[in-house]
Amino acid sequence: MNVSVASSPHFSNMKQGTRQMMVDVILALIPTIAVSVWIFGWYSILHIGICVLTCSLTELVWKKLAGMPASVSDASGPLTGVILALSLPWSAPIYVSVLGSIFAIAIGKMIFGGLGMNLFNPAMVGRAFVMLSFAGALGASAYVYDGAPADALTQATPLTVARDVATAQEFPGLWPLLIGKTNGSLGETSSLAILLGGIFLCVRRTAAWQIPTGVVLGAVIPAAFFELLGFTAITAFDHLFAGSLLFGAFFIATDPVSSPITPKGKWIFGVGIGILIMILRTFSSYPEGVMFAVLLMNSVVPLLNRWTIPTPVGGSFPEKPNA
Amino acid sequence: MSANKIQFHKLLSQAWLVLILAAFYGGGLAFIHITLSPRIAANIKNETYSLIPTLVGNPEQYEVTERDLVLQDRSALKVYEVKNGASEGVGWVIPASSMGFADKISLLVGIDYQFERITGMEVIDQKETPGLGNLIIDEKWRDQFKGKSTAQDIEVVKRPVDADQEVEAVTGATISSVTVAVAINETLAKARPEIERLLNEPISE
Amino acid sequence: MAGILPENPVYRQLLGLCPVLAVTNSLKPALTMAAATAFVLICANIMVSLLRHLLKPHLRILVFTLTIATFVTVADKLLAAFLYDMSKELGPYVPLIIVNCLIISRCEACSSKEPLWPSIVDALGQGVGFTLALGSLAFVRELLGMGSLLGFQVLPSSFPTWGILVLPPGAFLTLGVLLGTVNWWSARKS
């Protein structure tokens, strides 16, 4: 029998597969990008442009040096750029976008052997690198700016407000969180736009619905407990709509390469991310925990895949008799 | 020969090299230790002593006495009493430390002789995040503590200061900044009664 | 002398990685560490080479460890006496030279079999190789992570320093990238 072996993502029609999927995700991001442009103006376009360009260039150069067919036509490189840009603060200096993109593609993806081989979500690898490197330029203070182009941007991000009594600002209501009129990373402000695109992805089966559902459940339940116990100042509902929880659940955690392949594994993966986000938000020194939660759960994906091999119809394989 | 003796000879014939080497190395190390330990002790002492004059306003001539205080919670605290050439009191230098963002932050705090105002602060040891938390070693930031009263707690704020006892946090490093203030507040509060007792005591010698 | 490049202890043999990762966030401690390690390596190799005819196979490791531990203690004391700042900064990593497998592997592979002069040359080569490796790692990390070299500011203060390189993850990243570059380069050459 002739069996072809290929790395994930898996499709019956490989020619269209990967690109179709990546194009789907980019389509689903359109509402989020639109809100981002509405709130942050040309900062948003600038960062997305730079990240997409740098990611594509890095991938082309690497493939050329490594003797692979040099092309970015599967659209996964540019998509990493879009996600990375949307997870940066609007005031991020240009070198942050450039270095983050180079790092995301080179260290996050190509060094493992390219698309399908990477263990970690490339965009989050790039973001972790710049966040830890340029903490001064990207910390909570990077979001607030006196001469900011919009009213919303003169306030601290909702999660910074939530954990820091010293800022003495009010937590924004539900409506600003839904339409995105708050401060935050470029793509995380509007829950409504994210939900719109996210549900589109799940309906198209481009994203596995188990992962975002798992993240939401995994975050909301501990958040409710933490609220009851008084560990956090805002409600579980606020936790759900503030910060990049939803953006991470629908667009970052669902990356088909760095998430588990079995349905059960996807559930565990999603719930794990949700719980980690709440633990990091509540007990770490960072206001937000999506990036580290996704990276941590990425690292156990191979294990999850091994543990959750589904039982085939008709029961499990009989044990091999001792020959 | 008895069996024991044969056994002993057998062991010795194998282990003599190790035994001789151990004795030889041991002797060598003892020699090195005796030659170098005064120098090492001087280095350790110097680390604190070289910072003392700047902490108490650079007196031209000074002399330092170590005082071992026993605090109310029965812990010991070594403080340095600084006097000038004419043996008038110049100030006190008190070590303080607290757990920072990454590891323990150790400080030396200089205070005037009447224990009223802080005259200087130095960070001797810290492993805070480079570029953020480690800016607490910056001289400009440390100078904020100069002139603060010892009677009230110092407060760290995240905006330009507008009251006497306030210090502006290092941007993006609130935890490191607060740690420094807490270390100073706690240590001064504990040392204060003991030092006042020393000041009021008639000189016994 | 093969230890300098073709058999570099770090880039080729991947030996002694603990100090390579731990003390290379700037050049000064890295070079001090490399010098201390080279000192112990050379002294231990001389001693072992002199004693090589007296060694009994089952007691040799004991003799190696005893010799290395002695010279490490000497190095530790010397640093504390003459380079107190460095001794404080390197902290436990100086005593940890005792368990640096580079040294014991040279004792075992070379000086317990070779006469005095080849042993010294071998230790020198490995020592220089180790210094090169620590130096190159620390050069990259200090230059990009702090914008300085040996404590002197060399990049303009407007340069955005890459803080992560000074932190522990930076050690792994830099080592990985340099190791990859060395392998890529030598693969291209051959």
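Protein chains in written order, with our numbering: chain B, 1 to 323; chain P, 1001 to 1205; chain H, 2001 to 2190. Just so it is clear, CB atoms sit at the ideal spot from N, CA and C, and this is done for glycine as well.
Query: Straight-line gap, residue 166 of chain B to residue 313 of chain B (C-alpha atoms, nearest Å); Result: Residue placement at residue 166 of chain B is poorly supported in this model, since its pLDDT is 46, which falls under 50; the coordinates are not used for a value here.
Query: Residue from P:1022, P:1044, P:1079, P:1014 whose Cα sits closest to the Cα of residue 2056 of chain H; Result: P:1014
Query: Cβ shell of residue 1205 of chain P (< 6 Å), same chain only, five flanking positions each side left out; Result: Low confidence applies to residue 1205 of chain P: its pLDDT is 47, below 50, so where it sits in the model is not reliable, and the reading given next is rough at best. Taken in chain order, the list of residues that qualify is empty.
Query: Three-state secondary structure assigned by DSSP to residue 2153 of chain H; Result: strand
Query: 9 Å Cβ cut-off: residues of chain B touching residue 2163 of chain H; Result: 132, 133, 134, 135, 136
Query: N-terminal and C-terminal residue of the beta strand (DSSP E) that residue 1092 of chain P is part of; Result: 1089-1099
Query: CA-to-CA distance, residue 201 of chain B to residue 179 of chain B, given in whole angstroms; Result: 20 Å
Query: Closer than 9 Å to chain P by CB, residue 2082 of chain H; Result: yes
Query: The alpha helix (DSSP H) enclosing residue 1264 of chain P, as first and last residue numbers; Result: Residue 1264 of chain P lies beyond the residue range present for chain P, which begins at 1001 and ends at 1205; the question has no answer from this structure.
Query: Residue 1104 of chain P (DSSP reduced to helix, strand or coil); Result: strand
Query: Residue 1192 of chain P, DSSP secondary structure in three states; Result: helix
Query: Cβ pair count under 8 Å reaching 3, the stretch 74-85 of chain B against the stretch 102-109 of chain B; Result: yes
Query: Neighbour-count burial assignment, residue 277 of chain B, 16 or more Cβ in a 10 Å radius; Result: buried
Query: Neighbour-count burial assignment, residue 1016 of chain P, 16 or more Cβ in a 10 Å radius; Result: exposed
Query: Nearest to residue 1071 of chain P (by Cα), restricted to the options P:1099, P:1172, P:1195; Result: P:1195
Query: Chain P contact residues for residue 2063 of chain H, given Cβ-Cβ distances below 9 Å; Result: 1017, 1018, 1021
Query: From P:1098, P:1082, P:1069, residue whose alpha carbon lies closest to that of residue 1053 of chain P; Result: P:1082
Query: Local conformation of residue 22 of chain B per DSSP, three classes; Result: helix
Query: Interface partners of residue 285 of chain B on chain P, CB under 8 Å; Result: 1101, 1175
Query: Bridge partners - residue 205 of chain B, DSSP secondary structure assignment; Result: Answer is none; residue 205 of chain B lacks a bridge partner.
Query: Given 8 Å, three or more beta-carbon pairs between the stretch 2120-2129 of chain H and the stretch 2038-2056 of chain H; Result: yes
Query: CA-to-CA distance, residue 1077 of chain P to residue 2030 of chain H, given in whole angstroms; Result: 35 Å
Query: Cβ of residue 1028 of chain P within 9 Å of any chain B Cβ; Result: no
Query: Among B:280, B:227, B:185, B:257, the one whose alpha carbon lies nearest that of residue 113 of chain B; Result: B:257
Query: Inter-residue spacing [alpha-carbon to alpha-carbon] between residue 2003 of chain H and residue 2102 of chain H; Result: 11 Å
Query: Min CB distance residue 139 of chain B to chain P below 9 Å; Result: yes
Query: The ligand FAD heavy atom lying under 8 Å from the CB of residue 222 of chain B; Result: Only the bare structure without any ligand can be found here, which leaves the ligand FAD out of the picture.
Query: Within-9 Å CB hit, residue 295 of chain B to chain H; Result: no
Query: Min CB distance residue 1049 of chain P to chain H below 9 Å; Result: no
Query: CB contact flag (residue 251 of chain B, residue 83 of chain B, <9 Å); Result: yes
Query: Where residue 1132 of chain P meets chain B, residues with beta-carbon distance less than 9 Å; Result: 135, 136, 139
Query: Environment of residue 1121 of chain P [buried if 16+ CB atoms lie within 10 Å]; Result: buried
Query: Cβ of residue 99 of chain B within 9 Å of any chain H Cβ; Result: yes
Query: Any chain B beta carbon closer than 9 Å to residue 1172 of chain P; Result: yes
Query: Beta-carbon proximity of residue 119 of chain B to residue 81 of chain B, cut-off 9 Å; Result: no
Query: Outcome for residue 1134 of chain P when other beta-carbon atoms lying within 10 angstroms are tallied against a minimum of 16; Result: buried
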